[in-house]
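First comes the structure, then the notes that go with it.
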Amino acid sequence: MRKDYMWPAITILAWSASYPLMKLALLYMGPIPLLEIRLLAGGLVLTIIARGIVAGKKELVSAVLNVGLFLVCLNLGVELSSNPALAAVLIYTQPAFLIALGAITGEPVSFPRALGTAIALIGAVISAGSVNFDLGALVSLAAGFLWALGTLYHRKHLANEDLMKLNAFYSLASLVMDSPLLALDHRFTMSLIGILYAVLVGLLSQALGFVSWFKGIKALGPSVTSSLGLLVPPLTYVFTFLILGDVPSLAEVIGSALVVGGVALANLEGLRRYGG
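Residue numbers (numbering that gives the first Met the number 0): 0 to 275.
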């Protein structure tokens with residue numbers, strides 16, 4: 000059982016490190032060129048490991064929500080935010096949005112889940128308010144909302160599909176769908192170091208991160224793995240400090256703690272259910 004925790008640990012480290020690395024890559028290119036390189040590198044690796052893809056109309060809709068639009072907002076959020084770790088915190092309001100959307104669609108919501116959701120959203124407001132709720136904060140929150148919407152769609156229509164093949168398709172389909180955006184954002188400085196940063200982001204976040212994520216879900220269950228994923232935002236602050244030297248403000252620390260604590264509280268029931 001202890002060895003099984005190696006998989007979410009790899010995911011957490013890969014995703015946490017990718018945020019400040021994205022900030023470095025964005026020094027050499029715009030968010031859309033970075034996105035395309037990320038999707039190409041990650042999609043090819045996932046396709047090879049999964050030995051194929053699954054495709055269809057429902058898969059295409061899910062790809063738009065879970066990757067195509069989501070990653071556009073994620074990349075823009077990182078570029079426009081004062082601190083990439085803050086973008087990570089706001090994006091990780093996804094579980095709170097997921098619970099809120101579930102309540103709207105008729106899913107029962109217990110008191111701990113409602114309280115945790117409220118705490119997480121308050122934390123997001125505090126964190127975002129520390130930078131006067133700039134455009135980066137707004138776009139990062141939009142990414143969290145899209146992620147939640149995509150998760151609900153996946154849960155309803157694609158829950159029994161092969162996750163590895165599905166995400167391989169998501170990456171490659173989004174690579175094509177997002178390519179017209181290059182006409183709006185084609186800033187690209189021909190630099191070996193810039194390309195290496197972009198490819199590294201793709202390999203870490205889109206390939207290694209998702210491969211280990213799926214293995215963690217298989218070994219530990221979705222709730223345990225998702226709850227451990229809450230360590231990504233605080234560890235992103237650590238990697239951002241180590242890589243970029245950025246120190247978070249007190250408001251960012253307090254707000255981030257509330258987001259992580261609130262989402263953990265909201266998911267406590269699921270953690271207990273699948274903890275064995």
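Even glycine gets a Cβ: it sits at the ideal position worked out from N, Cα and C. Keep in mind it's a predicted model, so treat the numbers as computed, not measured.
Look up residue i in the DSSP assignment and say whether it is helix, strand or coil.
i: methionine 163; result: helix
i: methionine 28; result: strand
i: isoleucine 192; result: helix
i: tyrosine 273; result: Confidence at tyrosine 273 is low in this model, with a pLDDT of 48, below 50, so the placement of that residue should be treated as unreliable; the coordinate-derived value is given next. Helix at tyrosine 273.
i: alanine 256; result: helix
i: valine 44; result: helix
i: valine 108; result: coil
i: valine 262; result: helix
i: arginine 37; result: helix
i: alanine 54; result: coil
Thinking C-alpha only, which one of the options is nearest residue i?
i: arginine 154; options: Val237, Ser61, Val210 and Ser81; result: Ser61
i: leucine 33; options: Leu180, Gly208 and Gly244; result: Leu180
i: glycine 67; options: Pro247, Phe168, Ile194 and Gly254; result: Phe168
i: leucine 175; options: Val108, Ser109, Gly42 and Phe144; result: Residue identity check: residue 175 is valine in the sequence provided, not leucine. Ranking Val108, Ser109, Gly42 and Phe144 by Cα distance to valine 175 puts Gly42 first.
i: phenylalanine 96; options: Ile118, Glu78, Gly244 and Val77; result: Ile118
i: isoleucine 253; options: Ile121, Leu219 and Ala182; result: Ile121
i: leucine 243; options: Lys2, Asp3, Leu23 and Trp6; result: Leu23
i: glutamate 78; options: Ser170, Thr224, Ile47 and Met21; result: Met21
i: alanine 182; options: Pro19, Gly29 and Ser17; result: Gly29
i: alanine 256; options: Leu267, Thr188, Ala123 and Leu227; result: Ala123
i: alanine 265; options: Gly105, Ala99 and Thr188; result: Ala99
i: tryptophan 6; options: Asn159, Ala218 and Leu230; result: Ala218
i: glutamate 35; options: Asp133, Ile216, Leu59 and Val71; result: Val71
i: leucine 148; options: Thr92, Ile192 and Leu165; result: Thr92
i: phenylalanine 69; options: Asp3, Ile103 and Leu145; result: Leu145
i: leucine 25; options: Asn166, Arg37 and His156; result: Arg37
So, under 8 Å CB-CB, residue i and residue j are touching, yes? Tell me the CB distance rounded to an integer number of Å.
i: phenylalanine 80; j: serine 139; result: Going by the sequence as given, residue 80 is serine instead of phenylalanine. Going by Cβ atoms, the distance from serine 80 to serine 139 rounds to 6 Å, so yes, they are a contact pair.
i: glycine 261; j: threonine 150; result: So it is not a contact: roughly 18 Å between Cβ atoms.
i: alanine 206; j: leucine 45; result: 6 Å
i: alanine 263; j: leucine 229; result: 6 Å
* So does the region 205-215 actually touch the region 5-21, counting three or more Cβ pairs closer than 8 Å? -> yes
* Asked: Below 8 Å, can you find three or more Cβ-Cβ pairs linking the region 190-203 to the region 49-63?
  -> no
* Asked: At what residue ranges does the region 61-103 contain a whole run of the alpha helix (DSSP H), taking only runs of 4 or more?
  -> 69-79, 83-90 and 93-103
* To do: Give a yes or no on contact between the region 72-91 and the region 227-247, applying the rule of three or more CB pairs nearer than 8 Å.
  => yes
* Whole beta strand (DSSP E) runs in the region 0-26 with 3 or more residues, listed along the chain? -> none
* To do: Any chance you could list the alpha helix (DSSP H) runs of at least 4 consecutive residues sitting entirely within the region 195-251, in chain order?
  => 208-219, 221-227 and 231-243
* Runs of alpha helix (DSSP H) wholly within the region 112-187 (minimum 4 residues, chain order) -> 134-156 and 162-177
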